[in-house]
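Asks:
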Amino acid sequence: MDKILKLLEAMQRGMIRLNIGADGPIVWGRTRFGGCPDVPEGFVWPTFTSDTFYDDTVKPRPLSFLAQFDCGALAAMGPEGLLPRTGLLSFFYEMESARWGFDPADAGCGRVYWFDGSQPLAPAPFPRELDEEFRLPRLRVQAKADRSFASWADFAQVHPELDELFEDYAEAHETMGGSGECSKLLGWPDVIQDNMTLECELVSRGYNLGGLEDYPTHLAEREGAASVENWRLLFQLDSFEMEDFDLNFGDDGALYFYIRTEDLKARRFDRVWVILQCG
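When you number the sequence shown by numbering that gives the first Met the number 0, it's gap-free, plus one each residue, and the end is 278.
(1) Please report the distance separating the alpha-carbon of Asp162 from that of Leu184.
(2) Could you work out which residue in Lys2, Arg204, Gly34 and Thr30 is closest to Ala72 when comparing CA atoms only?
(3) Looking at the strands, I want to know which residues DSSP matches up with Ala169.
(4) Classify Ser147 as helix, strand or coil using the three-state DSSP reduction.
(5) Unbroken alpha helix (DSSP H) runs of length 4 or more, entirely within the stretch 194-225: which are they?
(6) Note down, one range per segment and in chain order, each beta strand (DSSP E) of at least 3 residues found wholly within the stretch 15-89.
(7) Can you list, in chain order, the residues of its chain with a C-beta nearer than 8 Å to that of Glu83? Leave out the 5 residues immediately preceding and following it.
(8) If you drop the 5 nearest sequence neighbours on each side, which residues of the same chain put their C-beta closer than 7 Å to that of Phe90?
(9) Where do the ends of the alpha helix (DSSP H) carrying Asp250 lie?
(10) Do the stretch 157-172 and the stretch 118-133 touch if we need at least three Cβ pairs shorter than 8 Å?
(11) Just the Cα atoms here: how many angstroms apart are Gly86 and Ala171?
(12) Considering Ala104, what are the terminal residues of the beta strand (DSSP E) in which it resides?
(13) For Pro24, which option in Ala104, Val140, Pro136 and Leu6 has the closest C-alpha, if you only look at C-alpha atoms?
(14) Need the endpoints of the beta strand (DSSP E) that Ile274 sits in, please.
(15) The beta strand (DSSP E) that contains Asp269, what's its start and end?
(16) Is it true that the stretch 247-264 meets the stretch 32-41, where meeting means three or more beta-carbon pairs spaced less than 8 Å apart?
(17) Using the Cβ count rule (16 or more neighbours within 10 Å means buried), how would you classify Trp99?
(18) Would you mind reading off the limits of the alpha helix (DSSP H) that contains Leu263?
(19) Among residues of its own chain, excluding the 5 on either side of Asp145, which ones have a beta-carbon nearer than 6 Å to its beta-carbon?
(20) Can you tell me where the alpha helix (DSSP H) with Leu6 in it begins and where it stops?
(21) Suppose the cutoff is 8 Å on Cβ atoms and the five residues either side in sequence are ignored; what does the same chain contact list for Ser63 look like?
(22) Looking at C-beta atoms only, is the number of pairs between the stretch 212-230 and the stretch 240-251 that lie closer than 8 Å three or more?
(23) Val271 and Gly109 - do their beta-carbons sit closer together than 8 Å?
(24) Considering Cα atoms alone, identify which of Pro122, Leu138 and Val190 is closest to Ser147.
(25) Taking C-alpha atoms, which residue in Asp193, Gly20 and Ser203 lies nearest to Ala142?
(26) DSSP on Ala142, reduced to helix/strand/coil?
(27) Use the C-beta contact count for Ser117: other C-beta atoms within 10 angstroms, 16 or more gives buried, fewer gives exposed.
(28) Where Val57 and Leu138 are concerned, what is the direct C-alpha to C-alpha distance, given to the nearest angstrom?
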């Protein structure tokens, strides 16, 4: 187990733990969940063209506004300096079709905008076409710097030679204190099903991973470990329940926004990929 402890420690990443629904005031133009997003003049509300489980009509559907983050207040909490140091980072997702992210056609079901602080912002009204169910309530978000460790799915992707040592890994992960499942910015994701970085890599290359018949095994073997470094978690939003509101992705699942490390550093937030996982 000592070997795995050392490997886990070496793979440690800083994260920003998010407590959604924390008590306290909600300040305009700052970090928060839901409500109307604060945007610059001329902002065009994003849509995703799709049918849904309940509606066969293929049409543009407005994305739901999930959350916005005040980069100036949060950047120092990310020790690797990956977040912008100014402006707002805003996240949207089309909740009616609730795409899972394994199909290249899911591109655009989630969007991220960085408003760099060079323009004044004002709340954007919800589109008339956005159903009330998908207009999320304004909630305060409390942020705290923390550390995170790789889930087994990511650890085994980097160290396939240790694939038979899950019990040792689980003991080592517990010894390290784990990270505790939570909504977060950056860090390691809390994986519910399988590793997602390889999924991002393959789907971005045009592979539909909805079936096994065309799965590119040769490419997966070559890119598996590299994908863990090439793709980073940007934002994980967990399902949660409050007294008068609950957010549920599938069966108590989570929504994950990934981005290539090089795109994150270059602030190309239009290149995110979104994955939904549940139990």
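Don't be surprised by glycine CBs; every beta carbon is placed ideally from N, CA and C.
Being a predicted model, the structure only gives us computed values, none of them experimental.
Replies: In brief:
(1) 28 Å
(2) Thr30
(3) Bridge partners of Ala169: none, in fact.
(4) strand
(5) 196-203
(6) 37-39, 46-49, 58-61 and 63-69
(7) In the sequence on display, residue 83 carries Pro and not Glu. So the qualifying residues of the chain are Cys70, Ala74, Trp113, Asp115 and Arg266.
(8) Leu65, Ala66, Val111, Phe234 and Phe256
(9) No alpha helix (DSSP H) contains Asp250, which DSSP labels as neither H nor E.
(10) no
(11) 39 Å
(12) Here Ala104 belongs to no beta strand (DSSP E), and DSSP marks it neither H nor E.
(13) Val140
(14) Trp272 to Gln276
(15) Per DSSP, Asp269 belongs to no beta strand (DSSP E) and is neither H nor E.
(16) no
(17) buried
(18) Thr260 to Lys264
(19) Met14 and Arg16
(20) Asp1 to Ala9
(21) Phe91, Tyr92, Glu93, Met94, Leu129, Phe133, Arg134 and Leu135
(22) no
(23) yes
(24) Val190
(25) Gly20
(26) strand
(27) exposed
(28) 32 Å
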